[in-house]
Amino acid sequence: MANTPYPQSYYAASASAVPPRPKLQGEVETDVCVIGAGYTGLSSALFLLENGFRVTVLEAARVGFGASGRNGGQIVNSYSRDIDVIERSVGPKQAQLLGEMAFEGGRIIRERVARYQIPCDLKNGGVFAALNSKHMGHLESQKHLWERYGHTQLELLDERRIREVVACDNYIGGLLDMSGGHIHPLNLALGEAAAVESLGGTIHEQSAALRIERGANPVVHTAEGKVRAKFIIVAGNAYLGNLVPELAAKSMPCGTQVITTAPLGDELAKTLLPQDYCVEDCNYLLDYYRLTSDKRLIFGGGVVYGARDPANIEAIIRPKMLKAFPQLKDVKIDYAWTGNFLLTLSRLPQVGRLGDNIYYSQGCSGHGVTYTHLAGKVLAEALRGQAERFDAFADLPHYPFPGGQLLRTPFAALGAWYYGLRDKLGF
Ligand SMILES: Cc1cc2nc3c(=O)[nH]c(=O)nc-3n(C[C@H](O)[C@H](O)[C@H](O)COP(=O)(O)OP(=O)(O)OC[C@H]3O[C@@H](n4cnc5c(N)ncnc54)[C@H](O)[C@@H]3O)c2cc1C
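Under UniProt numbering, the sequence shown has 367 at position 367, and the numbering climbs by one with no breaks.
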């Protein structure tokens, strides 16, 4: 079988050393077999190794091949659904636990970067930008809600203040989270993979899990080998396919696209984002952007339901970038790529256990850089027998997409069209 390379992204082009890891060949025995070397799998592996488990990670392509090595690099705290929606759909104890955990993922990333000395251009500061008064009212109410759960670091920005952090005339205000920020996402994944290996964990690349033999001693089969384990963690997210059919019905892979400009030079970069914060707007189909360490603008936006690869990414995303920053009209785009995230109907993560020994976390529906790091910790806690925080996620209700696997894409696209129209009309 041919090896699967990284997509041609700015991240792959500027990655730290990426040593190829050997394919799994033959039979191995371990405590935990993790399927997928994105943030969910790597974070789980690290927490488990730190707690004395033996871990083998199987990756179908390369470490960080999926969304973890292609994303906007924005450390956005909390979930893809607001805390008040969570409060309304679950009981107060569960909401309390989920609310308390909402900003933990960002702290985990910073601890990992510091402890394992991961070079990933970590910068502090993320802004949610309001395009209209409805957005601003929403940010104000979210700030108050988060404060109820002890997250008091958020700062509202009025129209004057937001102009000081982003040179875009479209915003009327925003919310600054200094516990947010940004990273080179592939280098974070590669650094975490090196940390896994430094603790004695094993990672096999080009080793897709093709079948799981369930039972008291489950076995994961690849093309040329098998892993016998006490526990399995399924962390393949939008790239998992139908390996675990129970999970596929309640989630849907979606694509989102990113472009990267040529280096802008220090002066122009500083006029766009003087404090080097990352920004995402408050639309349902949102735009997100930030500077890289070599002063390019990385700009993402849009969603392709069903995860088809669009033919001309630059043609889709560049107009969005120029709407925010018309001053970039003559700037060349050096890279454009697409990646898949996994959407659930509730936009909350799909977490749980199949039988006694197969655990999973997936479907954080867009904002996953921080959640996936938290997920690794929560999954490791559950394997150690402390399942209270795991259960707070596992008890979230999930429903199949209307239309089943055949019609879920057009139904979801219809829903998105409606929300996109609401974004355009500003309500
Ligand atoms: C373009 C893009 C931009 C984004 N921007 C942001 C952002 O700025 N901020 C934010 O918070 N979130 C963002 N996200 C979402 C975030 O990147 C994801 O939520 C997160 O990275 C998911 O991590 P993961 O480990 O669960 O999945 P992935 O990173 O997708 O990893 C899954 C891995 O499992 C492997 N795999 C799948 N099946 C198998 C198998 N059978 N056997 C072995 N291996 C398998 C895949 O090859 C892959 O490497 C973005 C997503 C995309 C696509």
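Virtual Cβ for every residue (Gly too), placed ideally from N, Cα, C.
{"query": "Spatial neighbours of E314 in its chain, beta-carbon cut-off 7 Å, leaving aside the 5 residues before and after", "result": "I259, I333, A336"}
{"query": "Boundaries (first-last residue) of the beta strand (DSSP E) holding G225", "result": "225-234"}
{"query": "heavy atom of ligand 1 below 7 Å from Q206 C-beta", "result": "no"}
{"query": "Residues of its chain near L49, where Cβ-Cβ distance is below 8 Å and the 5 sequence neighbours each way are ignored", "result": "V55, V196, L199, G200, G201"}
{"query": "As assigned by DSSP and simplified to three states, the class of residue 457", "result": "Since the first residue shown for the chain is 1 and the last is 427, residue 457 is missing from the structure and cannot be characterised."}
{"query": "C-alpha distance - M136 paired with D84, whole-angstrom precision", "result": "16 Å"}
{"query": "Contact under 8 Å by Cβ, Y399 with K250", "result": "yes"}
{"query": "For D281, the nearest candidate out of G26, A129, N77, G106 (CA to CA)", "result": "A129"}
{"query": "Backbone secondary structure at D356 - three-state DSSP", "result": "coil"}
{"query": "Close Cβ partners of R81 (< 6 Å) along its chain, the five nearest in sequence each way excluded", "result": "R347, L348"}
{"query": "7 Å CB neighbourhood of E159 in its chain, flanking five on each side removed", "result": "I172, G173"}
{"query": "Segment contact flag, the region 175-187 with the region 107-121, C-beta cutoff 8 Å, min 3 pairs", "result": "yes"}
{"query": "Which of helix, strand or coil DSSP assigns to T338", "result": "strand"}
{"query": "E59 beta carbon near ligand 1 (any heavy atom closer than 7 Å)", "result": "yes"}
{"query": "Distance between K295 and R161 (C-alpha atoms, nearest Å)", "result": "23 Å"}
{"query": "Three-state secondary structure (DSSP) of T370", "result": "helix"}
{"query": "For L264 and A380, the rounded distance between their alpha carbons", "result": "42 Å"}
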